[in-house]
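Chains as they are written, first to last, in my numbering: chain A, 1 to 271; chain B, 1001 to 1500.
Note that CB positions come from ideal geometry on N, CA and C, so glycine has one too.
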Amino acid sequence: MNIIKQHKSVKIIAGILAAIFLSAAFAPLITPHDPVHINLDDVKQPPSLKYPFGTDTKGRCVFSRVVYGARVSLLVGLTATVCAFFFGVFLGSVAGYFGGLIDKIVTFLVDITLSVPGLLLAIAITVVFEPGIVTVLIALCTIGWASFARLARSSIISIKEKDFVVSAIAMGSSRRRVLIRHLIPNIIPLMLVAATLRIGGFILGEASLSFLGLGVRPPQPTWGGMISSSVNYIQSAPWIAIFPGVAIAITILCFNLLGDIVRDYCDPKMK
Amino acid sequence: MKSKTFIFIIIINFVFLTGCAQKRTDYKTLYLRLPEQPSTLDPALTVDVYSGGILSKIYSTLVKFDENLAILPDAAEKWAVSRDGRNYVFYIDENLRFSDGTSVTSRDVKKSFQRILSPGSLSSRKWMFENVRGAVAFMDGREKDVSGFKIIGEKTLGIELIKPFAPFLGLLAMPNAAIVKEGVNSLLGSGAFKLEKWKRGEKILLSKNREYLKGNSFLENICYRIIPQDFTALSEFKQGNLDILGLSNSMVDSFKAVEYEKNVYSKIGLNIYYIGFNCQREPFNNIAVRRALVSTIDKERIVNTILASRAEPAFSPVPPVLLDVEHYEVDKDVVFPKERVLKLLINTSDEMQAIAEVCQHFWKEKDVKVDIIQREWNGFKEALNNGEFDMFILSWWADYPDAENFLYPVFYSGNWGSKGNRARYSNKNFDKIILEARSELDLNKRENLYRQAVKIVVRDCPWAFLWHKKDYSVIQPWVVNFKIYPLYYSDKGVDVKLEY
């Protein structure tokens, strides 16, 4: 309860995120139009009662597309985070705890992954595989796991010599048990903070790939793809790019603020 | 206090800089926009429109096209063609000099053409001279010289073809046929300008070639600014930082006002936008299926909405400027493919995506399911050349203004894949007619053969012909004597003047 008192914004953030999740989940109920239905009679209409956010260059309802676009952004953001989290924490912990050759290999892979610009690596992957949501997920996981792995490795190293670990070993625990039951649970709060802060980055990654035309297949709406196809109309029909832009900004802001709150919650000094 | 001073300096800078941008003091430099960095400025290697436009200002070609597509002398003062159409003689301008002051000779022309054909050359335009006697042996490394390029005199060059090829003279106006001289670090040209500076990703600066005497340019410099985003280019133009701007779909609305009426120029481009079907693969090896998909596309509506009326709906592959054809009737029986989801391959351009989405919408109404597969340009081209698609959207732009250029490369059965016939279309009757047309020198007879060829293609539907796109350009009020050319490489940069 303390955390809510300390962060008065927590209710607002939770409210906005809940609204985004619910609208994505119940998109068919709240959208007035089919997001992929083209209507060449209503091209580039400004916001009105019929089309709350206006229509795009093909006469599709921007509001419906923004709401459906949330599905892709959230799905990609959350799935990529979960995959990268598990993969990164697993490899990082194993490397940190066992050391030796495993540690060297994992550190080497992490260094390589982190030294290549993330978006460039993602582009390379989407070029090799056929574009689509799965390819985007693979690309984002490939660039995302390394930072989790590095954090997990250093955290494990810093606690593996501590008394509670030594006593667990003295009690006869196997190395596997020590790692799974004693070490990993200790680093999870820290990793969760990193994960919440990463979600926004992954949503942005998907948007960037879609912006470059390498993301989810058209005509399925995504926020990045919507901005990409309308950025040149920013003067004649600004509503087409502005609404998905605002949606990306709000969502990423909320996830980042949530990350800050989780960090404060996990920090013993703040309690 | 320090931070206040800092903010003050920033504000002063901002005001000063924006003030500069709006005030034009230099009327000797023409500012143009390039949407992307040209891949190369070597005439032998160039294939894209942007570099072609720049090269035409740096290099001379034997002949050139005017704004009405008539052939005019450029490096060659005059020329003669033998009666059988196989022998050409070019008389090179006595006063023409490279930018280092040396005279342009027939040897330079021969060397420039052989540069493209040489066995080590990476040029993809070797086909231009394949019909010249001795070219194939030279390309294979069997001969040291192309015997068909004959040095008749210091300023006289003969070219001998194996078979008569009517559009050959037009090929010599292409930027690839530019006359070059290999300098110390760069290639020298004999055009109105020379390359001064190329700052990658930023600008390409050309300066006046003092050795160029004919139709001397009014400009001292031409500066191509590389501006990828349309909206940036638009605001740069409105601030007066660009003199001429080619308009894309998204920009047209911004220039509809009366104040711009006199400054917007348009012309029908020599191009065709089309959807190609893989004629060798199920279900598109069936003409009735191709016809079904073609019949569902309402191209007039796409032109009027998505393309902001910037195109003419196409009824044949050849732009009407090059060949008048009637609207050939197409058989009525159609079969809609419903067994599987069809793959429509496109590149990542927004325009292609928009066309694909609208066509997908039209087909969906007939229960034809289509998946749009977007690939970045290299992957796209590879998939196209290997035939890994059901359908694709592409455009074809004229290399030279002859109907043959819209028929032979793209429909002849010997040109499957990267040579141009990506739909893998094959019709023996068409092949026979187009080969006959290529060597026919009589214009009327040739056009009749072209019409027969077009009729076959329209009946067989290897493509859905979409539209011929118009080129739009807007100029600043101080730009005088601006001409809009149907071919991207025709503007030699000697017309335009800036007057304040």
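How would you list, in chain order, the residues of chain A whose beta-carbon sits under 9 Å from the beta-carbon of residue 1379 of chain B?
Taking the second sequence and counting its residues from 1, one reaches residue 1379 of chain B at position 379. The contacting residues are 127, 128.
Quick one: give me the first and last residue of the beta strand (DSSP E) that residue 1183 of chain B is part of.
Within the second sequence, residue 1183 of chain B is the residue found at index 183, counting from 1. Taken as a continuous stretch (DSSP letters only), residue 1183 of chain B belongs to no beta strand (DSSP E), as it is neither H nor E.
For the beta strand (DSSP E) that residue 1469 of chain B lies in, which residues bound it at each end?
Here residue 1469 of chain B is taken as the residue at index 469 of the second sequence, counted from 1. Looking at the DSSP string, the run of the beta strand (DSSP E) that includes residue 1469 of chain B is 1463 to 1475.
Tell me residue 1284 of chain B's beta-bridge partners as DSSP assigns them.
One-based indexing of the second sequence puts residue 1284 of chain B at position 284. DSSP output for residue 1284 of chain B lists no bridge partner at all.
Beta-carbon neighbours of residue 219 of chain A, restricted to chain B and to distances below 9 Å
Translated into positions along the first sequence, residue 219 of chain A becomes position 219. Correct list: 1353, 1356, 1357, 1360, 1361, 1372.
Does the distance from the CB of residue 1100 of chain B to the CB of residue 1075 of chain B come in under 8 Å?
Taking the second sequence and counting its residues from 1, one reaches residue 1100 of chain B at position 100. Taking the second sequence and counting its residues from 1, one reaches residue 1075 of chain B at position 75. No, the pair does not count as a contact, with Cβ atoms beyond the cut-off.
Output the boundary residues of the alpha helix (DSSP H) element that contains residue 150 of chain A.
As a first step, residue 150 of chain A must be located in the first sequence, where it is residue number 150. First-last of the alpha helix (DSSP H) with residue 150 of chain A: 133 to 159.
Taking its Cβ as the centre, do 16 or more other Cβ atoms sit within 10 Å of residue 163 of chain A, making it buried, or is it exposed?
Position 163 of the first sequence, counting from 1, holds the residue named residue 163 of chain A. When all chains shown are included, residue 163 of chain A counts as exposed.
Output needed in chain order: residues of the segment 92 to 125 of chain A with a Cβ under 9 Å from some Cβ in chain B.
123
Provide the residue(s) that pair with residue 65 of chain A in DSSP beta bridges, ordered along the chain.
Along the first sequence, read from residue 1 onward, the residue named residue 65 of chain A stands at position 65. Looking at the DSSP assignment, residue 65 of chain A forms no beta bridge with any residue, so it has no partner.
Ends of the beta strand (DSSP E) at residue 1373 of chain B?
Against the second sequence, residue 1373 of chain B aligns to sequence position 373. Run containing residue 1373 of chain B: 1370 to 1374, per the beta strand (DSSP E) assignment.
Span separating the alpha-carbon of residue 1457 of chain B from that of residue 1442 of chain B:
Counting from 1 along the second sequence, the entry for residue 1457 of chain B is found at position 457. Counting from 1 along the second sequence, the entry for residue 1442 of chain B is found at position 442. Going by the C-alpha atoms only, they are around 23 Å apart.
Residue 1296 of chain B versus chain A: which residues are under 7 Å apart at the beta carbon?
Position 296 of the second sequence, counted from the first residue, corresponds to residue 1296 of chain B. By Cβ distance, chain A contributes nothing, its closest Cβ being about 13 Å from residue 1296 of chain B, past 7 Å.
When DSSP labels each residue in this structure, what does residue 1412 of chain B get in the three-state scheme?
Numbered from 1 along the second sequence, position 412 holds the residue referred to as residue 1412 of chain B. It is coil, neither helix nor strand.
Residue 1059 of chain B versus residue 1190 of chain B - alpha carbon distance
Taking the second sequence and counting its residues from 1, one reaches residue 1059 of chain B at position 59. Taking the second sequence and counting its residues from 1, one reaches residue 1190 of chain B at position 190. Taking the straight line joining both Cα atoms gives about 5 Å.
Between residue 1367 of chain B and chain A, is the shortest Cβ-Cβ distance under 8 Å, so that the two count as touching?
Position 367 of the second sequence, counting from 1, holds the residue named residue 1367 of chain B. No, residue 1367 of chain B does not count as interfacial toward chain A.
What residues from chain A crowd round residue 1306 of chain B, counting only those whose CB sits closer than 7 Å?
In the second sequence, the residue the question calls residue 1306 of chain B occupies position 306. Here the neighbours are 57, 58.
Hey, out of B/1308, B/1047, B/1293, B/1313, whose CA is closest to residue 1299 of chain B's CA?
The residue you call residue 1299 of chain B lines up with position 299 of the second sequence. Ranking B/1308, B/1047, B/1293, B/1313 by Cα distance to residue 1299 of chain B puts B/1313 first.
Residue 1261 of chain B by DSSP, collapsed to three states: which one?
Counting from one through the second sequence, the residue named residue 1261 of chain B turns up at place 261. Three-state result, residue 1261 of chain B: helix.
Assuming residue 1399 of chain B and residue 236 of chain A form a contact by the criterion Cβ under 8 Å, report the distance between their Cβ atoms to the nearest whole angstrom.
Here residue 1399 of chain B is taken as the residue at index 399 of the second sequence, counted from 1. Here residue 236 of chain A is taken as the residue at index 236 of the first sequence, counted from 1. Residue 1399 of chain B to residue 236 of chain A, Cβ: 34 Å. No contact.
Per DSSP, what kind of secondary structure is residue 1405 of chain B in: helix, strand or coil?
Here the question's residue 1405 of chain B lines up with position 405 in the second sequence. In the structure shown, residue 1405 of chain B sits in a helix (DSSP, three-state: H, G or I).
Note down the Cα distance separating residue 1021 of chain B from residue 1109 of chain B, rounded to an integer number of angstroms.
By 1-based counting over the second sequence, the position of residue 1021 of chain B is 21. By 1-based counting over the second sequence, the position of residue 1109 of chain B is 109. Model confidence at residue 1021 of chain B stands at a pLDDT of 44, short of 50, so the residue's coordinates are unreliable and nothing is read from them.
Chain A residues whose Cβ lies nearer than 8 Å to that of residue 1301 of chain B:
Here the question's residue 1301 of chain B lines up with position 301 in the second sequence. Per Cβ cutoff of 8 Å: 40.
Using DSSP with H/G/I as helix, E/B as strand and the rest coil, what is residue 1417 of chain B?
Here residue 1417 of chain B is taken as the residue at index 417 of the second sequence, counted from 1. Residue 1417 of chain B falls in the helix class under three-state DSSP.
Just to confirm the assignment: which complete alpha helix (DSSP H) runs, minimum length 4, are found wholly within the segment 1029 to 1078 of chain B?
1049 to 1058
Quick check on residue 1239 of chain B: buried or exposed, where buried means 16 or more other Cβ atoms within 10 Å of its Cβ?
As a first step, residue 1239 of chain B is located in the second sequence; it is residue number 239 there, counting from the start. Under this definition residue 1239 of chain B is an exposed residue.
Looking at C-beta atoms only, is the number of pairs between the segment 165 to 178 of chain A and the segment 230 to 250 of chain A that lie closer than 8 Å three or more?
no
Within 10 angstroms of its Cβ, does residue 1377 of chain B collect 16 or more other Cβ (buried), or is it exposed?
For this step, residue 1377 of chain B is matched to residue 377 along the second sequence. Exposed: under 16 other Cβ atoms inside 10 Å.
With DSSP run on the structure shown, which of helix, strand or coil describes residue 1482 of chain B?
Residue 1482 of chain B sits at position 482 when you count from the first residue of the second sequence. Note: residue 1482 of chain B maps to coil in three-state DSSP.
Proximal residues, the segment 1060 to 1074 of chain B versus chain A, C-beta separation under 9 Å:
none
Residues of chain B with a CB under 7 Å from the CB of residue 281 of chain A: which are they?
The structure shown does not extend to residue 281 of chain A, since chain A is modelled only from 1 through 271, so no value can be given for it.
Mind checking residue 1102 of chain B: buried by the 16 CB within 10 Å criterion, or exposed?
Your numbering for residue 1102 of chain B matches position 102 in the second sequence. It is exposed - the Cβ of residue 1102 of chain B has fewer than 16 other Cβ atoms within 10 Å.
Just to confirm my understanding: we take residue 1412 of chain B, look at its own chain, exclude 5 residues before and 5 after, and list those with CB closer than 7 Å. What are they?
Your numbering for residue 1412 of chain B matches position 412 in the second sequence. Result list for residue 1412 of chain B: 1421, 1431, 1434, in chain order.
Please report the straight-line C-alpha distance between residue 127 of chain A and residue 53 of chain A, rounded to a whole angstrom.
Taking the first residue of the first sequence as position 1, residue 127 of chain A is located at position 127. Taking the first residue of the first sequence as position 1, residue 53 of chain A is located at position 53. Their backbone Cα atoms lie some 33 Å apart in a straight line.
Could you spell out the range, first to last residue, of the alpha helix (DSSP H) harbouring residue 1279 of chain B?
Counted from its first residue, the second sequence places residue 1279 of chain B at position 279. No alpha helix (DSSP H) contains residue 1279 of chain B, which DSSP labels as neither H nor E.
Helix, strand or coil, according to DSSP, for residue 1496 of chain B in the structure here?
Along the second sequence, read from residue 1 onward, the residue named residue 1496 of chain B stands at position 496. DSSP places residue 1496 of chain B in coil when its eight states are reduced to three.
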